[in-house]
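Engineer: Top to bottom, those sequences are chains A and B. First residue of the first sequence: 1, per the UniProt record's numbering; consecutive thereafter. First residue of the second sequence: 1, per the UniProt record's numbering; consecutive thereafter. Note that beta-carbon positions come from the ideal geometry of N, C-alpha and C, so glycine has one too. Since the model is a prediction, treat every value here as computed from it, not as a measurement. This is the structure I want to talk about, given as structure tokens.
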Amino acid sequence: MGQLPYWHSVELSAGSRPVLRENEVDLLVENNIGLYQGKSKILNRQNGRLYLTSQRLIYIDNLNAKEYSVSIEHLDIDRLEYTQKFLRSSPKITIFLKKYHRKDKTKSSKETPKYKTIPWICPICSYSNSVTSQINPNNQDYLPVCETCGIKSTPEIIQDALDSTRSSITAEPSSKIPNEVFNASNSAPSQISCPTCTFLNHPSLRNCELCGTILPLNKVNNKSQDENQLFDDRIKIETESSDGLDENKAIQPFIKISFHKTGDKFFFTKLQETLEKFKWERVVNSGNVNKDAKKVTNSSSSNDSSRLVSANNSTIGFGIHKLAQQEEIKTKKNELIINSSLDDLQALLNKANEILELTESFKKINPQDGQPKITNINQVTKNLLNESNDSTSQKLYLQEISRQLSDFLINDRILEEEGGIITMIDLYALYNRGRVGINLISPEELYKSCEYFHQLNLPLVLKKINNVQVVQDVKFNTDTKIIEDIKKFIINFGDEDLGSFKYSSVLKISDSFNWSLTITEEILKVGLDLGELVVDQQISGKFYYLNEFLELDSFDENRFNTIGEQKIIDDESNGNQSTDPTLETNDTTLQLPEVPKNQPFPEAPSHLVEFENKNSTKSSSLKQLEGLQF
Amino acid sequence: MSQYKFPQIYNFPPFFTKQPNEQTWQAQLNNWIQLILSYCKANKVWILNNKGEALSQGNIEDLEESITSLSINQDDGISKDGIFVNNKIQRRLEPQVINEIFQQMVKNNDAFYITKKDQSSVFINFYRPEDWASMILEWIESTGQNGTVLTMYEISQGDLSLNKEFHGIHPVILETALNVLVKRSRAQLLKDEDGKIAGVKIV
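And the structure:
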């Protein structure tokens with residue numbers, strides 16, 4: 001057997017974490033996992049993380065997460081077996097999978113035409129009718145009638161339709177098209193309505209398309225669950241050697257999870273618990289709990305107990321029988337107490353739920369529409385780990401948080417809103433606000449998990465701008481590039497003072513770049529340190545200018561003229577770009593401050609020479625700064 | 001006296017804030033020194049205090065008067081608030097920064113403090129003492145006064161030096177210039193009983 005049909009592909013987030021369904025919850029993660037199919041190792045699946053969720057077992061490969069990640073539905077799991085560590089063989093959990101009615105591919109393709117409907121087009125109204133392919137075109141009595149105009153078809157039309165479909169089937173027998181036609185035509189009556197949201201799902205789906213709830217297996221669904229439909233052709237599983245499942249079909253198919261390091265026992269118990277819970281929930285959801293139970297009325301039970309009590313009082317019994325009876329009365333009493341207290345507890349819980357709903361409704365009323373909505377984070381908690389004190393699992397925990405941070409920042413567009421840079425402090429606050437409840441992480445944990453960004457190839461950078469720790473998107477550039485952007489910004493959008501110098505306040509830059517004030521100030525500080533910007537500090541605030549000290553060095557009194565000229569050029573460029581105010585398009589104006597100042601009306605060649613000179617002096621001064629580190 | 005035209009950088013607001021970056025600050029400092037020197041040269045300011053006021057300016061007739069009269073010379077070329085305040089852009093240089101500038105100027109030999117104790121005002125060497133010295137020497141040689149004894153007054157206020165740069169030179173600065181000549185053994189100072197320089201003989 002090449003590949004068991006139970007493997008499914010997994011959607012991954014940017015941070016290489018599985019994307020969970022709506023009601024799915026992470027339960028446990030274990031690192032250093034290898035997968036087996038049957039008796040043989042599966043190639044390329046020997047180093048990964050295994051996520052146990054409430055609905056699936058998800059394997060995410062550490063080396064190539066996109067390609068090699070697979071999942072197994074709890075639905076398919078029949079039973080588990082645990083194998084101890086033996087000599088050099090790692091401890092393993094064997095998962096036996098449910099055997100589904102298996103159709104051969106050839107057989108199924110043979111079957112399909114039987115149920116297939118073929119379209120025939122009414123010659124009168126040209127409506128495309130359908131008819132089962134079993135029809136005998138020569139039987140005049142049973143020729144189909146057009147659904148719209150009621151005209152009977154002719155044998156020739158049906159024969160044509162039959163021929164055309166057959167030829168298309170023979171042309172590509174293995175393609176999915178006939179299957180799909182088959183499904184589409186037959187599914188209408190057998191769609192499965194989702195128990196949660198009532199969406200009508202395609203019968204071959206096992207989870208609701210909209211809300212992810214597991215669909216009940218109705219008869220049609222069950223029947224249609226042959227292996228070929230489960231089969232996920234996005235995955236390629238190759239085993240090291242023969243998996244031993246092939247020869248004897250009586251063997252229940254199984255896979256193995258090998259724990260190269262620790263965590264096996266804990267994972268096993270947790271998996272067992274989860275499966276039991278999963279099964280129980282399915283039973284509950286299908287409404288089968290206490291199906292046959294009869295409700296015992298309260299009055300009868302109280303009568304019962306009173307009868308017992310009275311019996312206790314009236315008769316003075318002897319012997320073992322009496323003792324047993326007394327014991328029985330005692331347990332009965334205890335039961336009553338416990339039951340009533342449990343009822344109270346239940347009532348309390350109900351009340352708590354009501355209160356929760358109430359708070360939710362208040363949230364909606366709360367007029368804080370302007371505030372950005374913080375997406376709730378699927379919690380990565382220490383519960384995911386078996387021993388939270390162990391250093392390796394601590395590391396795993398931090399890595400998980402690190403991955404989640406990248407999901408949180410990039411997928412939820414938080415980083416984008418923050419202009420690509422966020423301080424650790426802000427991140428800490430935002431992230432913990434996303435982690436509703438008490439599962440907050442400590443600043444130390446946050447810092448440590450940020451340190452894993454590089455190691456995990458996440459698109460984030462943890463770095464220091466001056467003394468402020470920030471998390472930055474990789475695609476945003478280095479400090480020097482940022483400063484360049486700021487310079488462009490000042491040139492193009494800065495205010496103009498009395499001396500025709502362009503400047504900008506911190507606020508304006510912060511607004512335009514979408515950075516927080518702290519970050520803006522720090523970046524500007526970097527600009528100062530690089531000597532690219534200069535500051536004008538007033539009581540009214542700090543204003544940032546381009547560094548013109550070196551260029552104004554010459555005490556050139558002709559500057560007034562050149563300023564005027566430069567202003568004209570500025571105006572022109574601004575006019576050109578008025579339709580597109582984004583910063584990216586301003587590259588053309590980058591050279592503006594280097595318009596030669598000594599020559600108000602230069603001839604073309606000397607102009608160029610001057611221009612180059614300016615450039616070269618500039619680059620040499622930049623070269624001196626290259627060694628500096630921030 | 002011609003009206004001094006401030007360079008464009010004088011209207012550059014960050015010019016009035018000490019720049020945090022050391023390299024930028026050095027450039028700024030040099031700009032300030034250049035500005036002060038050219039300003040003082042244009043206005044013949046001999047002594048500048050840390051408020052930017054010219055304590056001694058123009059043609060100095062009398063040494064006693066020049067040092068004691070601390071009245072501010074009201075002149076068209078100088079704004080009332082002095083060089084360190086730019087009313088046009090409403091910027092003002094901090095006294096601390098001014099002191100730093102003075103320190104640097106003294107270090108560069110562009111200025112020297114009036115006394116060691118009082119560092120609030122400086123004499124400005126808008127020409128270096130050496131330059132003054134060679135100017136005087138040139139003047140003496142061209143007028144054929146080699147070997148004659150000249151009083152200080154004759155050098156700074158004499159009719160012969162009327163259209164020379166050093167006409168009206170501040171006596172203290174003149175003394176530094178003459179000291180340069182003494183060192184080169186081109187001059188001899190004649191002192192009176194109080195130790196003041198009464199005359200100079202240039203060879």
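Hey, would you say residue 16/A sits closer than 8 Å to residue 58/A, going by beta carbons?
Structural biologist: Inclusion of residue 16/A and residue 58/A in the CB contact set at 8 Å is not warranted, their separation being larger than that value.
Engineer: Report the three-state DSSP secondary structure of residue 522/A (helix, strand or coil).
Structural biologist: helix
Engineer: Below 6 Å CB to CB, which residues in the same chain sit around residue 31/A once its five sequence neighbours on both sides are set aside?
Structural biologist: 49, 396
Engineer: Could you tell me if residue 185/B is buried or exposed, where buried requires 16 or more neighbouring beta carbons within 10 angstroms of its beta carbon?
Structural biologist: exposed
Engineer: Does the distance from the C-beta atom of residue 544/A to that of residue 490/A stay below 8 Å?
Structural biologist: yes
Engineer: Can you give me the start and stop residues for the beta strand (DSSP E) that residue 21/A sits inside?
Structural biologist: Segment: none, residue 21/A is in no beta strand (DSSP E) and carries neither H nor E.
Engineer: Leaving out five residues before and five after residue 123/A in sequence, what residues of the same chain have Cβ atoms less than 7 Å from its Cβ?
Structural biologist: 157
Engineer: With a threshold of 8 Å, are at least 3 pairs of Cβ atoms found where one atom belongs to the segment 460-469 of chain A and the other to the segment 512-528 of chain A?
Structural biologist: yes
Engineer: Is the Cβ-Cβ distance between residue 498/A and residue 89/B less than 8 Å?
Structural biologist: yes
Engineer: Quick one: what does DSSP say residue 7/A is sitting in, helix, strand or coil?
Structural biologist: coil
Engineer: Does the distance from the C-beta atom of residue 54/A to that of residue 11/A stay below 8 Å?
Structural biologist: no
Engineer: So, does the CB of residue 42/B fall closer than 8 Å to a CB anywhere in chain C?
Structural biologist: Absent from the structure: chain C. Protein chains present are A and B.
Engineer: Could you tell me how far apart the beta carbons of residue 110/B and residue 29/B are, in whole angstroms, since I believe they sit closer than 8 Å?
Structural biologist: At roughly 11 Å, the Cβ-Cβ gap does not stay under 8 Å, so residue 110/B and residue 29/B are not in contact.
Engineer: Restricting to runs no shorter than 3 residues, where is the beta strand (DSSP E) found entirely within the segment 461-522 of chain A?
Structural biologist: Counting only runs of 3+ residues, the beta strand (DSSP E) found wholly inside the segment 461-522 of chain A occupies 468-473, 502-505, in chain order.
Engineer: Would you grab the beta carbon distance between residue 49/B and residue 120/B for me? Rounded to a whole angstrom, and I think it's under 8 Å.
Structural biologist: 5 Å
Engineer: Taking 8 Å as the threshold (beta carbon to beta carbon), is residue 535/A in contact with chain B?
Structural biologist: Yes - at least one Cβ of chain B is within 8 Å of the one on residue 535/A.
Engineer: Measuring alpha carbon to alpha carbon, tell me which residue in 211/A, 43/A, 201/A, 339/A is nearest residue 21/A.
Structural biologist: 211/A
Engineer: Scan the segment 172-203 of chain B and note each continuous beta strand (DSSP E) run of 3 residues or more that stays entirely inside, going in chain order.
Structural biologist: 187-191, 197-202
Engineer: Quick one: using the 10 Å Cβ neighbour count with 16 as the cut-off for buried, is residue 153/B buried or exposed?
Structural biologist: exposed
Engineer: Taking 8 Å as the threshold (beta carbon to beta carbon), is residue 99/B in contact with chain A?
Structural biologist: With 8 Å as the cut-off, residue 99/B does not count as an interface residue toward chain A.
Engineer: According to DSSP, which residues form a beta bridge with residue 40/A?
Structural biologist: 37/A
Engineer: Between which residues of its own chain and residue 167/B is the CB-CB distance below 6 Å, once the five residues before and five after are set aside?
Structural biologist: 161
Engineer: Taking buried to mean at least 16 other C-beta atoms within 10 Å of its own C-beta, is residue 21/B buried or exposed?
Structural biologist: buried
Engineer: Write down the C-beta distance between residue 653/A and residue 119/A rounded to the nearest angstrom, noting that I regard them as a contact closer than 8 Å.
Structural biologist: As displayed, chain A neither begins before 1 nor continues past 630, which places residue 653/A out of reach and without an answer.
Engineer: Residue 433/A lies in the alpha helix (DSSP H); which residues open and close that run?
Structural biologist: 424-434
Engineer: For residue 528/A, go through chain B and note every residue whose CB falls closer than 8 Å to its CB, in chain order.
Structural biologist: 19, 20, 21, 24
Engineer: Within 10 angstroms of its Cβ, does residue 450/A collect 16 or more other Cβ (buried), or is it exposed?
Structural biologist: buried
Engineer: State the Cα-Cα distance for the pair residue 107/B and residue 502/A, rounded to the nearest angstrom.
Structural biologist: 34 Å
Engineer: Judging by CA-CA distance, which residue of 455/A, 485/A, 428/A is the nearest neighbour of residue 445/A?
Structural biologist: 428/A
Engineer: Can you have a look at residue 89/A and say buried or exposed, based on whether 16 or more other CB atoms are within 10 angstroms of its CB?
Structural biologist: exposed
Engineer: Is the distance from the Cβ of residue 104/B to the Cβ of residue 47/B below 8 Å?
Structural biologist: Contact flag unset, no.
Engineer: Residues in its own chain within less than 6 Å of residue 238/A by CB, not counting five upstream and five downstream?
Structural biologist: 43
Engineer: Which same chain residues end up closer than 6 Å to residue 576/A when comparing Cβ atoms and leaving out the 5 residues on each side of it in sequence?
Structural biologist: Note that residue 576/A scores 43 on pLDDT, short of 50, meaning its location in the model is unreliable; the coordinates nonetheless yield the value given after this. Around residue 576/A: no qualifying Cβ.
Engineer: Whose C-beta lies closer than 8 Å to the C-beta of residue 149/A among residues of the same chain, with five residues either side of it excluded?
Structural biologist: 122, 124, 125, 127
Engineer: Use the C-beta contact count for residue 572/A: other C-beta atoms within 10 angstroms, 16 or more gives buried, fewer gives exposed.
Structural biologist: Note on residue 572/A: pLDDT 43, under 50, position unreliable in the model; the coordinate value appears next. So residue 572/A counts as exposed.
Engineer: Which residues in the same chain have their Cβ closer than 6 Å to the Cβ of residue 510/A, if we skip the five residues on either side of it in sequence?
Structural biologist: 517, 520
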